[in-house]
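Number 457 in UniProt numbering belongs to position 457 of the sequence shown; there are no gaps in the numbering.
Take a look at the structure below.
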Amino acid sequence: MADLPFFAGKEAFLSALSQHRTAVVQAPPGTGKTTLAPIYTREFLRDQQFSQFSSTENQQDTAAQLTPRVLVTQPRRIAARAAATRLAELYGWNLGSTVGYTIRGELQTNAETEIEFMTSGVLLRRLLRDPDLPGVGAIIIDEIHERHVESDLIFGMLAQLRELREDLVVVAMSATVDAQRFATALNAPIVDVPNPIHPLEIHHSTSEHSIAQRDPLARPGATGSVEDFVFRRIVEALEATDSDSPSPGDLLAFVPTIRGTELLAERLNGHIIGNFHISALPLHGSLSPAAQSRVIAPVREFDAPTRRVIIATDVAESSLTVPGVRVVVDSCLSRVSRQDSSRGMSQLVTESASRASTIQRAGRAGREGPGQVFRCLTAEQWSHLSAFSPPAILTSDLTSALLDCAVWGAPGGVDLPLPDSFPELPARAATEALVRLGALTAPTDSHPFGQVTQLGTVLAGMPVDPHLARGGLLASRLVDVDLVAKVLFLLDATPDPSTPLIRQVKSLRSQDQGVRRMRRIVEQHRSRRALENLLPEISPDAARDFTAAMSTDTAIGLTVACCFPQLIARRVVAATGELTDRVLTVGGTGAQLSRELLATGQPSGNGGESQWCAVADIARAHTRDGTGARVRSAVWIPEEIAVWAGGGVEKKRTATYDPDTRKIKAREVRQLGAILMSQAPAQATKEEAHLAVREALAEHGASAIPMSQGASSLLKRVQFLHRQGVEGYPDVSGELPEEVSSFAAEDLVAGRTPDIAGLLRGVLPWNQPIDELAPEHVELPSGRRAKITYPPVDEAGPPVVATKLQDAFGLFSSPEIASVPVQFHLLSPAGRPLAVTDDLQSFWAGPYQGVRKDMRGRYPKHKWPEDPAAEFG
């Protein structure tokens, strides 16, 4: 192990654990931190145990048996499995004994395991199940710089747990320079272990061949697609690095999607490029252990000179090491999850990677010797990439995260020392979703994020998304558990939009590992008697009716509807009465149906087309109807299932007041969420009428009230004084004062025209008369009373007087109203504009002289004195 760079940091690492029982390790990929840090931590815990016993041999053996376990988290299953396997091979241990791993669907540990690798999700479930973590002495959070939601949650929870368990060792390991953020939260020292990388030669693309020129709508592998650009760059890199050397090094290429890795590996495998045959392999998180081993622990037995080409997703960026790599081809793209909180949609999108990610990828070529890096962007385009990728907590669906926080005892993440707080809008949307699922109580002033319910605790204990967990438990009351498990497995993996969802479900086998796992999860939790009172009730009659007429296709649709009740949708009917290709969901999202879905429509039971579907996948998209969303995967369902799974039809009466017609219209409506089922005219009660008028006044303010010219002028004067800060004058730019609105509403309900001027004067201060503070007219030296025009209530501005210039003679300066000078619009004797000023003194001394010169000849019968301010003095 002495050849690994992290060996040089052993002393500093153990010193940090000894003094602080925590550390933040900053070390780039390839230093050996994932291999050595768990060993050094185990060594530290053993030394701690031995120090508690005397030096007798038997007591030392006892101490060794009592050594607490070291847990090491990895962001991906493939990385956890690979790290445990490598450690076992290096030390000659049996995998599953001293060192083991636990990932989704796989368990390789026993009672003697001292170092256990696992995904962040596995540790999160353990923390929620038993926060004290008995038998655990240390936790190492690896690759924390990747900022996955689950690793951020674990970090915050462990920072709190350390306050209760002073013996617990917590280590965070990062490959970037952002370590200080985590060190501050843990009050931990930073152990910096540099990695001397061999020289790298960077090659950027030309503008013509830059991946920025790709067609974003091209299917994977087609001309103009991401795969097409990367393929050409790989061939170029292989030819440029070809040599007579028997081992010019393997090539590692980064592409954003799993499908892309498989297509490129298939396209390259077996080719002869330069002096070598090409052995191409994909590398991604869904690989089997055997396929993974062929990539990261290769057996080089080839009959002819061969170069390996590994096509990887970002699993090889930092959390997984591929040996033998001397050349990197980087698409400079990433596949990330993005959440649209306003529509309740989450989708995977391909976008530009950050510079930090591309630098880490490039470093993979320089671990074993000088390397070469071929990027698919020009140098200028690369320089404009964002410095770092945003943390997933700022861009992802937060439903699971907020449920986990509520179970932990920190609803909304309040007081949890997270590296970044939850963003407000997505957190609110996720809270509303959990309330609809029954996992949280409705928010109150004392509990703004609600409180976890019994059902919420059950759902949090199920290692799947809360929507799938709740949907699976509910659907299994009516649908065979095996079929429910197949649907859940498919929804968890995201359905392929190019194939009908029903066909995909039917192609799954009951013995498939993922299906068996989902069945175990549902069966384990649905048998709990407490669930009978937690999930929506199903009457015996309804259950009998559903099951009697339920085909396999309908059962699949019912399960999807139970998982995503807010995405149950009905087709929109055009004004002509024809069904359109658009739908509206229970949650209020409008979307367009794909042609494939329209082609798979099924009868609704009465011989017509089905109007209802259970949506499994909806994504943002450019649509010709402007909805901005497209349903990519769905199952047609009967109306009765849509109504039941969607929470039932709600009957209510609505009343609205139309300010234009001054009429109150009432309706009786039946709604399934945002979907209007039916409506009929109704007679509004007095209470409904009063509420409708008050709502109109709150929304439209004074504009909802018929008003005389005098009342309108009074409103403007009141608002002007309010803007100038005159005490006692209310803001009337929006809703009117309560005393005015209340009486006005009574008059409107009774069909009378409210006396707004009288009502408003009744709330103004008696000791500051408005007619004195903001008069309607001003007396001019000529004897004329000029009208003062005040700005509209929703605009700021000065009071204005429009008058002939001669009427202003004798005014030395502009008069003021509430400390604001009156603005004069001065007119010619014919009433045409001459000048605008709120400073008469300056006007008389300057611009007036030019006006006088022009006007004297045109209007010789009118006065044009040299000193107009003194004309009536």
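C-beta atoms are modelled at their ideal positions from N, C-alpha and C, and glycine is treated no differently.
This structure is a prediction, so every number in the text was calculated from the model and none was measured.
For Q671, there is no enclosing alpha helix (DSSP H); the residue is part of the beta strand (DSSP E) that begins and ends at K663 to L672.
The beta-carbon distance between P791 and F720, rounded to whole angstroms, is 7 Å. This is short enough to meet the 8 Å contact definition. Contact between A138 and F117 is ruled out by a C-beta separation of about 13 Å, above the 8 Å threshold.
Across the structure, I641 and E650 are spaced so that their CA atoms are roughly 15 Å apart. Residue pairing by DSSP places V191 opposite V25 in a beta bridge. Contact check between the stretch 31–45 and the stretch 168–187: three or more CB pairs, one atom from each, fall below 8 Å, which counts as touching. If you draw a 10 Å sphere on the C-beta of T206, you find fewer than 16 other C-beta atoms in it, and that means exposed. If you check the CB distance, A212 and L377 come in under 8 Å. Taking the Cα of R147 as reference, the smallest distance to any Cα among N269, R307, I393 and A379 is reached at I393.
P29 places its beta carbon 8 Å or farther from that of G413.
Each residue's CA atom was taken as its position, placing D47 and F6 some 20 Å apart. V309 and P38 have their C-alpha atoms roughly 31 Å apart. Between S814 and D838 a beta carbon distance of about 5 Å is seen, short of the 8 Å cut, so the two are scored as contacting. CA-to-CA, the gap between P860 and E816 works out to about 32 Å. For S742, the secondary structure class from DSSP, reduced to helix, strand or coil, is helix.
By the neighbour-count criterion, in which a residue is buried when 16 or more other Cβ atoms sit within 10 angstroms of its Cβ, K804 is buried. Annotation: D492 to L468 spans about 8 Å, alpha carbon to alpha carbon. Counting C-beta atoms within 10 angstroms of its own C-beta, G369 has fewer than 16 neighbours from the protein chains shown and is therefore classed as exposed. Within the stretch 222–281, the runs of beta strand (DSSP E) at least 3 residues long that lie entirely inside it are, in chain order, 250–254. With 16 or more other Cβ atoms from the protein chains shown falling within 10 Å of its own Cβ, W382 counts as buried. Residues F812 and W844 of the same chain have their beta carbon placed closer than 6 Å to that of A869, with the five preceding and five following residues left out of the count.
Taking a 10 Å sphere around the C-beta of A430, we find 16 or more other C-beta atoms and assign the residue as buried. For G371, DSSP records a beta bridge to L200. Rounded to the nearest angstrom, the gap between the Cα atoms of S225 and R214 is 6 Å. Around the beta carbon of W636, 16 or more other beta carbons sit within 10 angstroms, so the residue counts as buried.
Under DSSP, Y101 takes part in a beta bridge, and its partners are Q108 and F117. Across the set H209, P248 and G710, the C-alpha of H209 shows the shortest separation from the C-alpha of R232.
Residue pairing from DSSP places S352 in a beta bridge opposite L333. In this structure I311 touches V255 by the C-beta definition: roughly 6 Å separates them, less than 8 Å.
By the criterion of a C-beta distance shorter than 6 Å, T753 is surrounded in its chain by P706, once the five residues flanking it on both sides are discounted.
Residue pairing of L593 in beta bridges, as defined by DSSP: V631. Distances from the CA of F182 to each of L418, G850, R125 and A808 were compared; the closest alpha carbon is that of L418. Pairing L567 with A599, the inter-Cα distance amounts to about 20 Å.
The stretch 534–543 makes no contact with the stretch 508–521, as fewer than three CB pairs between them are under 8 Å. At the C-beta level, T67 and E114 come within 8 Å of one another. The C-alpha of D404 is placed about 21 Å away from the C-alpha of D445.
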